[in-house]
Amino acid sequence: HPAAVPDDTQAALFELCMYKLRVDSRLAEDICYCLDGLLDQQASTLPPEVFQPVVKVLLDSSETAGEERARVAILRSLAELMARACDECRPCMEPALLRLRLRVEAELAQGRPPSGPALDCMRALIHRLGAGIAGQADALLRLLVSAAERSNGPSGTGGSEEALRAAGTLAAALGTRFEAGFPLLWPALSAALASADEPEACLAGVAALRDVVAALGALLGEHALPVLEAVSSLLQRSEEQLHHCIRAPAVMCLGEVARAMGSATPGLEVILSLLEREATAAAAAPSTEGAPQKAPAAGARRSSRRRTCPSVPTSAAQEVRNDVLDAVLGAYEAVVSGCLRSENLPPALRLALPAMLHFACRHAASQGASTAVKRVAVKLVGALAAHLPADLAAFASKDQETKACITMLTLFGSACPSAAVRQFASALTRLELFRAEAVHF
């Protein structure tokens, strides 16, 4: 393996890989395996004067390679290089993105579905360029929407999922400047959310939508209602109709819309009802049933065939169940965080507080609850303690289980390395739970 090669030999091996790719792409897969190992060791230290010719060789080779597998291997190595390269190499990345964009545009103009690995490589470049992508943003968005809408072939060659994820990354890079692009992207996103029978395409749509919501924040505005309707419709499907790999991200998407819109969130009572239903269903689900695998992480290397979320042994059922419960807790925290920005708490949220607190405390105190779950619980309960101390103290005084959990969260949060979590825990400390009996709920 290249990692076992001495440092003083790696540079020569790197040059040899580039030479071999330049003169003969038939061994591209083997060469790229070697190159990936070298990138693990050297990518972050490549100076721009080395980075630029390496990128050119990879781009040239990906165009001249005779076999699809070779092109895929080369483009994936290029994406790895872009993701790992140092910041000094960023000025060299925009020309590479332009070249890839023109290539995909030409493929679409010829009626050919774009390459999924090429779109993944564009996504890596968009992420690295960040706000500097603004000059190509309009052309990129139109290209990605066209690729998502026109890709009907197998996932690895069609690129629908990759195009959606790249569009989400573009939104994250642009932030609120993406506002004008939402109407163009929404038809492709809504079509993906409606394709529950294609789990990976649906999952890519949910992931991209979450990126867009986080980027726009309150500027989501009038688009919040159709977004919530589409996500709610997805969650209304039964377990047989909606694969488990989609449910938890969709639940989080509901919360993120509420975080963005705050008290202006349309249909807040419907969101809270859906969250309560998801929590109840996940808590009641038998942990011995079969469960689906998690979908592969973004950027993971995947087959060129249509991907699905296949069944796995029963040991994963508990993990899937916990994923949904974690997502509900995160969504509740997002709802509360968004709504507490307003002076007046929405009536729907006040009505949901007892069920919300009961769930949060039970889940945070459950056996095996992770540190991340406890941190989210501290943020949720701490925010309520800061804004509604009397209500929270009175509720805890009537429910010993909740009282014990809040005490545990107070101790946990006070010792947390995160200053933000400690700040929420300080609000819990001021509750004085052991004297809360004098407060009336």
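With positions in the sequence shown counted from 1, the corresponding number in this note's numbering is that position plus 1058. Beta carbons: idealized from backbone N, C-alpha and C, even for Gly. As the structure is a computational prediction, the values presented were derived from the model and not from experiment.
Thr1487 and Ser1476 closer than 8 Å at C-beta
no
Taking the C-alpha atoms as reference points, what is the distance between Ala1341 and Glu1237?
38 Å
Using the C-alpha atoms, what's the distance from Ala1385 back to Ala1254?
19 Å
Decide yes or no for the touch test of the segment 1448-1466 against the segment 1408-1421: beta carbon pairs closer than 8 Å, at least 3 of them.
yes
Around the Cβ of Arg1379, are there at least 16 other Cβ atoms within 10 angstroms (buried) or fewer (exposed)?
buried
Does the segment 1179-1195 come close enough to the segment 1147-1156 that 3 or more CB-CB pairs lie under 8 Å?
yes
Own chain, CB closer than 6 Å to Val1479, minus 5 neighbours either side, in chain order:
Arg1433, Val1436 and Gly1471
Under the three-state reduction of DSSP, which class applies to Ser1361: helix, strand or coil?
Since pLDDT at Ser1361 reaches only 38, below the 50 mark, its modelled position is unreliable, and no value is offered.
Does Gly1426 pass the burial test, meaning 16 or more other C-beta atoms within 10 Å, or should it be called exposed?
exposed
State the DSSP-derived secondary structure class of Pro1153, mapped to helix, strand or coil.
helix
Nearest-angstrom Cα separation, counted from Arg1208 out to Ile1304
23 Å
Please confirm whether Arg1142 and Leu1097 have their CB atoms less than 8 Å apart.
yes
Identify which residue in Glu1391, Ala1230 and Ser1291 has its Cα closest to the Cα of Met1310.
Glu1391
Taking a contact to mean a Cβ-Cβ separation below 8 Å, would you say Ala1164 touches Ser1119 in this structure?
no
Comparing C-alpha positions only, which one of Ala1259, Leu1093 and Pro1105 sits nearest to His1301?
Ala1259
Does the ligand MN have a heavy atom nearer than 7 Å to the CB of Cys1179?
Within the structure as shown, the ligand MN is missing, as the structure has no ligands at all.
Residue burial classification, Arg1223 (beta-carbon count within 10 angstroms, cutoff 16):
buried
Ser1361: buried (16+ other C-beta within 10 angstroms of its C-beta) or exposed?
With a pLDDT of 38 at Ser1361, under the threshold of 50, the modelled position of this residue cannot be trusted; read the value that follows with caution. With fewer than 16 other Cβ atoms within 10 Å, it is exposed.
Contacting residues, own chain, Cβ-Cβ under 8 Å from Arg1359 (five flanking each side not counted)
In this predicted model, Arg1359 has a pLDDT of only 37, less than 50, meaning its place in the structure is not dependable; the value taken from the coordinates is given anyway. Counting only Cβ-Cβ distances below 8 Å, and skipping sequence neighbours, we find Arg1134.
Status (buried if at least 16 other CB within 10 Å, exposed otherwise) for Ser1218:
buried
Put Leu1274 into one of helix, strand or coil per three-state DSSP.
helix
In the DSSP assignment, the alpha helix (DSSP H) including Ser1395 goes from what residue to what residue?
Ala1375 to Cys1397
Straight-line gap, Ser1462 to Ala1454 (C-alpha atoms, nearest Å)
One detail in the question is off: residue 1462 reads as Ala in this sequence, not Ser. When rounded, the distance between both Cα atoms is 8 Å.
Proximity below 8 Å, CB of Ala1483 to CB of Thr1468
yes
Out of Leu1093, Gln1168, Ala1316 and Leu1293, which has the shortest C-alpha to C-alpha gap to Ala1339?
Leu1293
Cβ distance (whole Å) where Ala1230 is taken to contact Gly1275 below 8 Å
Not a contact, Cβ separation roughly 12 Å.
Assuming Leu1267 and Leu1247 make a contact with CB atoms under 8 Å, what is their CB distance in whole Å?
5 Å
Report yes if the CB atom of Ser1400 is closer than 8 Å to the CB atom of Gly1320, and no otherwise.
yes
Neighbour-count burial assignment, Asp1088, 16 or more Cβ in a 10 Å radius
exposed
Where Glu1401 falls: helix, strand or coil (DSSP):
coil
Fully enclosed by the segment 1242-1293, which alpha helix (DSSP H) runs are 4 residues long or longer?
1257-1274 and 1282-1293
Can the beta-carbon of Leu1283 be found closer than 8 Å to that of Val1264?
no
Mind checking whether Leu1332 and Ser1290 have CB atoms under 8 Å apart?
yes
With DSSP collapsed to three states, give me the class of Cys1419.
helix
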